[in-house]
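Structural data, given as structure tokens:
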């Protein structure tokens with residue numbers, strides 16, 4: 001891991017990544033009810049909010065839209081991803097290189113691995129040159145660590161999520177994004193398992209303001225370093241309101257009750 005005190009991804013030792021890779025990963029159905037956000041400019045504008053320390057997007061969005069926002073948005077280049085149309089064992093192919101991301105002005109690299117799938121060894125091998133090349137460019141790297149596969153009966157069990165967090169540390173990520181294991185103490189165990197690696201909570205599907213903010217508060221209480229969130233922000237009628245509230249909970253030690 002690299003020191004991150006001067007990284008643009010970190011503010012007051014905390015991080016809020018706005019993720020917008022859903023068009024590739026899940027398709028246009030994710031924009032039902034907020035069809036105007038099929039235009040990525042809508043989400044790039046959200047990423048200019050003071051609470052957002054980075055925007056995670058893939059190659060096409062970075063190429064097309066980031067040049068207009070490079071002064072106001074920190075780019076987390078999401079290097080791999082696959083579509084929801086594929087029905088086989090999960091595998092996330094690499095779509096662009098660290099070198100090209102750096103050329104476009106990336107501030108960090110993002111990469112998904114699926115521990116437990118049949119091609120786990122391939123994904124770990126794919127990650128190695130990405131991680132080492134990111135080091136060459138002095139770019140921090142965030143791992144999306146999402147256990148899958150037939151051998152894993154419960155993807156969000158405390159032991160599975162703790163293992164996911166540990167894998168990020170072991171393979172050389174600086175941040176590891178994991179799902180919530182449905183229990184505050186289980187999340188604390190995942191944070192301890194990650195040691196000095198920075199754990200980011202996956203924002204998940206859209207929930208109510210209170211449920212979402214109380215979840216984020218619980219995770220911050222047990223040492224999570226921040227949040228990587230997409231739908232729980234840009235699927236809302238007023239995404240700027242929830243970003244205001246997240247800013248309080250993540251960066252200012254406010255409670256959910258304080259901001260609601």
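In the UniProt record's numbering, the protein residues as written are 1 to 260.
Ideal Cβ positions, reconstructed from N, Cα and C, are used throughout, including at glycine.
- Shown here for residue 191: same chain residues with a beta carbon closer than 8 Å to its own, the five before and five after excluded, namely 165, 199, 222, 223, 224 in chain order.
- For residue 198, the beta-bridge partners assigned by DSSP are 175.
- Residue 197 has its alpha-carbon roughly 22 Å from the corresponding atom of residue 247.
- Secondary-structure assignment with DSSP links residue 77 through a beta bridge to 57, 109.
- A check of alpha carbon separations from residue 126 across 84, 91, 159, 150 identifies 91 as the nearest.
- The residue from 171, 244, 84 with its alpha-carbon nearest to that of residue 29 is 84.
- With contacts defined by Cβ atoms closer than 9 Å, residue 203 and residue 169 do not form a contacting pair.
- Burial check for residue 234: the Cβ neighbour count within 10 Å reaches 16 or more, so the residue is buried.
- The C-beta distance from residue 75 to residue 66 rounds to 6 Å, short enough to fall under 8 Å.
- In the DSSP assignment, residue 143 falls within the unbroken beta strand (DSSP E) covering 141-145.
- By the neighbour-count definition (other C-beta atoms within 10 Å, threshold 16), residue 86 is an exposed residue.
- Its chain contains 84 as the residues whose beta carbon lies nearer than 8 Å to that of residue 26, once the 5 sequence neighbours on both sides are disregarded; these appear in chain order.
- For residue 226, the enclosing beta strand (DSSP E) covers residues 226-229.
- Judged by DSSP in its simplified three-state form, residue 121 adopts helix.
- Residue 29 carries a helical assignment under DSSP once its states are collapsed to helix, strand and coil.
- Taking the Cα positions, residue 9 is about 12 Å away from residue 47.
- DSSP places residue 104 in the coil class of the three-state scheme, outside both helix and strand.
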